[in-house]
Structure formats: C-alpha cells, structure tokens
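Just so you know, we're using the working numbering here: the sequence shown kicks off at 1 and counts up by one.
Beneath this line is the structure, given in structure tokens, with notes to follow.
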Amino acid sequence: DQRIFYIAEALKLGFSVEEVSRLTGIDEWFLDKIQNILKIERSMKDGELNESTLRNAKIYGFSDRKIGQLIGRTEAEIRRLRTEMGVLPFTKQIDTMAAEWPTSANYLYLTYGGSEDDPTPVDRDKIMVLGSGCYRIGSSVEFDWCCVNMAMALRRPGREVIMVNCNPETVSTDFDVLDKLYFEELTVERILDIVEKEKPSGLVVSVGGQTPNNLVHGLAKHATILGTSAESIDSAEDRSKFSLLLDRLGIEQPEWSKLENLEGAREFAAKIGYPVLVRPSYVLSGAAMNVAFDEEQLTEYIRQAAKISREYPVVISKFVTGAREVEVDGVSDGDNVFIGALMEHVENAGVHSGDATMSIPTITIKESSRERVLDYSRRIAKALAIKGPFNIQFLVKNGDVQVIECNLRASRSMPFVSKMTGMNLMDIAAKAIMGEKIPNGQADVVGFGVKAPQFSFTRLDKADPVTGVEMVSTGEVACFGESFQDAFINALLASNFYIPRKGDAVLITMGRTRKGIVPYARMLADNGYRLFATRHTAEELGSMGVKSTMLYKIREKKSPNILEWITNREIKLVINIPSHEKDAESQYVLRDEYVIRRKAAEFGIPVVTNLQLAQALIRSLIDYNRKFEPPEAKGTEKSPGTPLAHIPTEDKERSSKNAKAPLISPLAGR
1 DQRIFYIAEA LKLGFSVEEV SRLTGIDEWF LDKIQNILKI ERSMKDGELN ESTLRNAKIY
61 GFSDRKIGQL IGRTEAEIRR LRTEMGVLPF TKQIDTMAAE WPTSANYLYL TYGGSEDDPT
121 PVDRDKIMVL GSGCYRIGSS VEFDWCCVNM AMALRRPGRE VIMVNCNPET VSTDFDVLDK
181 LYFEELTVER ILDIVEKEKP SGLVVSVGGQ TPNNLVHGLA KHATILGTSA ESIDSAEDRS
241 KFSLLLDRLG IEQPEWSKLE NLEGAREFAA KIGYPVLVRP SYVLSGAAMN VAFDEEQLTE
301 YIRQAAKISR EYPVVISKFV TGAREVEVDG VSDGDNVFIG ALMEHVENAG VHSGDATMSI
361 PTITIKESSR ERVLDYSRRI AKALAIKGPF NIQFLVKNGD VQVIECNLRA SRSMPFVSKM
421 TGMNLMDIAA KAIMGEKIPN GQADVVGFGV KAPQFSFTRL DKADPVTGVE MVSTGEVACF
481 GESFQDAFIN ALLASNFYIP RKGDAVLITM GRTRKGIVPY ARMLADNGYR LFATRHTAEE
541 LGSMGVKSTM LYKIREKKSP NILEWITNRE IKLVINIPSH EKDAESQYVL RDEYVIRRKA
601 AEFGIPVVTN LQLAQALIRS LIDYNRKFEP PEAKGTEKSP GTPLAHIPTE DKERSSKNAK
661 APLISPLAGR
C-alpha cells in the first residue's frame, strides 16, 4: 500500500517516467498522472498561491491541510483564503439513469471540476448524519446499522435527513433509503463544505463509530453538534481527562499515569509491577494498544502509541490479570439514563471487545457487582452530561468493579443489544439527541444471547490467529438460546466454526496456564474425545489421571509430529494458549506456537487461543453432543467426572429465570 508513495518519491528525486515504468512495469500513462500531481505540488511550494494555482490544486485533489503543509499555513487559513478567492466546490448529482432519462435521485457529490450546482438546496429543517466510512478492522456493518436506524428515527414531516458516507457496501449509501445522500469522504474539510451548502440545523456524530467522533473538534467550531457536546466527548476520549474525572467521582479504576516521558513510564511500571497497558487516546479498535510484560516491550509499545496518537496523550495503567470484563450499552438525555444491557465477555480481560465473545445476560457476575456497574454507569453518564448513546467497559474481580473506558457514541454491540432486548437503542438515542426526555430504567432480557467474532486469518498471509487488546476480527454473528450453552453453540455454528463430535482428535498445547485446562480436558476424555498434547502438557494431564497421546513439537523433527497431524487434518480442534514465559527456550516455544496456530488456520481447523473461551467451548460441546446423540445411546451409562452446569453456580437461579426463549436456528443471528 506504500508503493505509490515510493513511486512519487522516485519521480521527485529525478527518475524519469520511462525509468520508473521500466523498473515497475506500470504503464507510462498512469505515471504521467502522478507526475502532473507533483508539478502542481512544486508550483505551490515554489510560487505564489494565487486563485488559479489554488483552484488547480483543488481540482487535482489536494486537501486544505496538504496545501497548508506545503506552504507553511494551517488548514483553517487555507480554508479562509480559498473562501475569499471564491474557490468552492460544486454539488453534482450521480446519474443513476445512465443519461437515458433525467435523474431525480438525491445522490450527490462535490467537485471542483464543475461550473454550477446541479440541485439547489431547499430551505427547510435539516439534520446531517455522519456515517462510518470505509469498512476495515474495527468499523463494519454494526456502525452502519446504527447510522441507518438513527437516520430513520430522526425523519419527520418537514424535516430532511442527510447522510454523508463514502462506502458503497453500506445500506446508508443506498440513495433511496434517506432524503439525501452525499457520497463523500469523512473529513472536516468536506463535511464543512456540505454544511455551508445545506445549512443543517445540526450534525449527528455519535453513530458512525470512532471516525466521525474524531472530527468533532474541527466541526464544533463551525456547526452545531447535536446530542453530547464536543467538550464531553473530549473528556471521555482523552484518557488523562477521563481518568481524572473518575478520581473526582470516587469511581475505582486501574492505577494509571499520563505518559510524560519514557523514563517516567519505566518508573511507574516498576512501581505498580508488570504487566501494564499502554493506551493511546482517540484511536479506533484499540490501535497501538498493547500489554507490556517487561521493560523492553514497554519501550517498543510506547514508541508505537506515540506515533499513532501524536496530538493526544498516552496513558499507562495497571493491567489487571484474571478479571472479567463487563460492558454497558445505554442512552442518556443528560438526566435520565436508560440501560440497554449488561454484557459479559466470555474471555478474561485482555481481549478487545470487538474480538470478545459476549453474553447477555451476564453469566458469572454476582448481583452486588451488577448493581455497582449500573450505579457507576449512571453516575458517569450524568457527570459527562451525555445526550445520546454511550458504552462503558468495566473490570470485575473478586467483587471489585473498576472502569476501563467510556465511549460517548454508539458501540458495535448496540445492534446485538437492540435485537436481544427488542428495544431499538437508536430510537431512544434519537429522542435524547433532539432534546427529548427518555425513560429511566433498563431493558428486559428473556433467554440468552451470544455474540461471537469472525476472523479472516486465512486471507491474511502469515497473520498470527491470536486475540489481544488490539482488534483483529472482521465480522461477527449473534444467536439466541434457552441457555448460554445453546446460544454459544448456535453462534459458533453461524460463524462456520466446526463443532467437534465424539471421537474427534483435540490438540492441547499450553504454557504455565495448563493447570486451568486439566478438569476440562478430563471432561473431553470422559465424553469420548481423543486428546493429543505436547510433552509437558501431556505429563501434566497424565499426573492428574487424564489420558492423552503425546505428539512431538514442530522443532523436534520426530514422528508423530504436531505438524503432520495438522496438515493431514487428523486434528479437529486446536487449543493453544500463547505463552508469555521468559526463559532460554522461549523464542523456540513462541515460534512453535505460532506455526501451530497458523497451520491450523490454513487447513481450516478451529483454533482457540483463550483459556476461558476453551472452558466455555468444552462445556458447550458436551451439552451439545448429549442433546444430539443417537437415541440408542441415551440409555448407556455415562463416565463419572463430567459435571456440567448451563452456567456457573452463582447464576443458576438466573438461568431458570431466563430460560424462556425458544431455541432459534443457528442462522437466525446472521
């Protein structure tokens, strides 16, 4: 993706178009276009920026920010200069009739290559909704659902709802869905160009994910932001400001420190102890967020975070191991707070919320902890004067509840919450954004719902199929059931996860966390699964009376070898929990673990890289196989030692309360 910039650099250094064409195989016609852009760039740097030069630069696609960088001015100064010179874009309709009939579609874009506007804006009440932009890891159809549902909820007789987005794969860019669509990039410059033409009464920035949220500072100076204010958004997005707010409210959070310099970060990490979490501000899907287990990793991760979040502070906090993560999706009008749902991650904290498997209702959290989560959510919502959707993430461990972060926007889990509860959170958020009162309270939950991620590791060459604090999933499914196990298995089936059956081979390779899998490995063995393991794991299992077959490590080059069994597709499920040990063999262990995960992904074998997820999967597998075993096997005696509860002990009562919903087809959550 950097190739075009290297080509431009080569042309700047004096390479001819013919030379670059010969070296790259790219036709000279395309290279001439790049050369033309570079000529415009040189004319701005070396000469006077007059109206002709500026208009030409805009026709060639130079942004105000780029022009400012070239001549030593700010983006705002270039915008003001351009407006004074009358260098403004024109509105054009996209011809949906291929010039065969006059088009009436309100499908619009802006260009500097025109001479007049196609449609003339009508003077009426207008609201502009900013979409989520292009699909990428961290921003997908979940945010588009929020955008479309918000826009539909805002529609009223006499009011025009305008969508701005630039992704042809979304529903929000279907021009017949809303009153008007601008197919345009989501930048401050372009949004303000549209604002000046349409003159909307306000902008909605809280439903398109992080992309429109990051534009709020530049937009708030020139347009009205509907709902939560720009100041409140900054108080939540800026890690340092939000941590100070929690301190003032007396709400618990992991120990933290604002990054002033590398030496200070090292001293703080040494004081609170590793691991620590490096957290930049204003980033999408946990970009550059990392868990550092030692000083060497801390130094590298701080360098990455500072590079991606140059304008905003980086915070270091204590990484709490063994904690459960709980999320709250809700809506506030500044006074009243409506809670959509509490969601519990199946995995312990340390897996990004976009990659985590989530359950509604919670499955292990005690009632006292749930009440504290709700109390903290309401207090934070009121302190930040939230008027619209919000998402807050918590850590729960041994009855203690700590806040991780708060997003003053729609979250990617809101479509799931809305469908699980039957309460469309965007309908409620639309009222709050427009200044109406919403009810205090919480949505009712019947049955269980599980949201599971989908990954594209097979399409990403050499990518390590492991989850962490930075998001890597590319999709998700949600399914429902009478119990957590039912909903979980349905979600796995919907995500094309192969469900191993009795007699299938399961490979278990783990580091020091292997003790946590022993009782679950016994459950697999007692229920007819064949277990295979590397030497240390096999010895651990054997010492606890669990039989397994040892396979040689990849680097041992002996048979039977793990690689042989994976590439021959003998193994049907891989449970591989990554190691963090630091010893003489660690580099070889880490390499072996990576190859196991990578090869399994390449050969279509399910890989589980999280201990809590593996435990939930094993419980669900056994429950699933019991339900679907042949009738003649139902009367056979079961092996002892296979205890299975639908959910952990403290929530058995809640299980019976919630086991009312009918079992829904695995494909129903798609």
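In this text, a Cβ means the ideal position worked out from N, Cα and C, and glycines have one as well.
Are the beta-carbon atoms of residue i and residue j separated by less than 7 Å?
| i | j | result |
| --- | --- | --- |
| residue 186 | residue 211 | yes |
| residue 464 | residue 594 | yes |
| residue 569 | residue 603 | yes |
| residue 337 | residue 381 | yes |
| residue 253 | residue 446 | no |
| residue 20 | residue 7 | yes |
| residue 314 | residue 305 | yes |
| residue 414 | residue 449 | no |
| residue 489 | residue 359 | no |
| residue 375 | residue 153 | no |
Please look up how many angstroms separate the CB atoms of residue i and residue j, rounded, as I've assumed it's under 8 Å.
| i | j | result |
| --- | --- | --- |
| residue 317 | residue 373 | With a Cβ gap of about 19 Å, residue 317 and residue 373 do not count as contacting. |
| residue 388 | residue 429 | 5 Å |
| residue 412 | residue 354 | 6 Å |
Verify the contact flag: residue i, CB atom, against every heavy atom of the ligand FMN, threshold strictly below 6 Å.
| i | result |
| --- | --- |
| residue 338 | With respect to the ligand FMN, the structure offers nothing, as it holds no ligand at all. |
Put residue i into one of helix, strand or coil per three-state DSSP.
| i | result |
| --- | --- |
| residue 166 | coil |
| residue 409 | coil |
| residue 289 | coil |
| residue 316 | strand |
| residue 253 | coil |
| residue 280 | strand |
| residue 467 | coil |
| residue 50 | coil |
| residue 389 | strand |
| residue 6 | helix |
| residue 588 | helix |
| residue 523 | helix |
| residue 73 | coil |
| residue 339 | strand |
| residue 182 | strand |
| residue 171 | coil |
| residue 480 | strand |
| residue 15 | coil |
| residue 436 | coil |
| residue 378 | helix |
| residue 20 | helix |
| residue 358 | strand |
| residue 567 | helix |
Enumerate in chain order the residues of its own chain whose CB-to-CB distance from residue i is below 8 Å, with the five nearest sequence positions on each side excluded.
| i | result |
| --- | --- |
| residue 271 | none |
| residue 565 | 505, 507, 532, 551 and 571 |
| residue 68 | 74, 75, 77 and 78 |
| residue 166 | 131, 133, 134, 173, 183, 184, 185 and 186 |
| residue 65 | 75, 78 and 189 |
| residue 225 | 202, 203, 205, 216 and 219 |
| residue 158 | 124 and 125 |
Quick one: residues in its chain with C-beta nearer than 7 Å to the C-beta of residue i, no 5 flanking neighbours on either side, listed in chain order?
| i | result |
| --- | --- |
| residue 646 | Unreliable placement is indicated for residue 646, whose pLDDT of 35 sits below 50; no coordinate value is reported for it. |
| residue 200 | 126, 127, 128 and 162 |
| residue 114 | 90 and 92 |
Output needed for residue i: all residues of its chain with C-beta closer than 6 Å, excluding positions within five of it in sequence on either side, in chain order.
| i | result |
| --- | --- |
| residue 143 | 132, 208 and 209 |
| residue 233 | 216 and 408 |
| residue 432 | 331, 333, 387, 388 and 438 |
| residue 540 | 514 |
| residue 606 | 497, 498 and 573 |
| residue 319 | 275, 276, 277 and 291 |
By alpha-carbon positions, which one of the options ends up nearest to residue i?
| i | options | result |
| --- | --- | --- |
| residue 479 | 501, 423, 442 and 417 | 417 |
| residue 197 | 268, 121, 264 and 181 | 121 |
| residue 182 | 127, 488, 297 and 424 | 127 |
| residue 495 | 203, 514 and 473 | 473 |
| residue 515 | 441, 24, 542 and 151 | 542 |
| residue 383 | 362, 228 and 402 | 228 |
| residue 364 | 150, 352, 577 and 348 | 348 |
| residue 59 | 96, 41 and 257 | 41 |
| residue 80 | 222, 524 and 599 | 222 |
| residue 443 | 458, 424, 457 and 98 | 424 |
| residue 192 | 139, 237 and 110 | 110 |
| residue 119 | 180, 596 and 509 | 180 |
| residue 401 | 357, 625 and 323 | 323 |
| residue 628 | 501, 30, 178 and 378 | 501 |
| residue 522 | 102, 618 and 148 | 618 |
| residue 11 | 29, 26 and 35 | 35 |
Check whether the Cβ of residue i lies closer than 7 Å to any Cβ atom in chain B.
| i | result |
| --- | --- |
| residue 40 | In the structure shown, chain B cannot be found, because there is only a single protein chain. |
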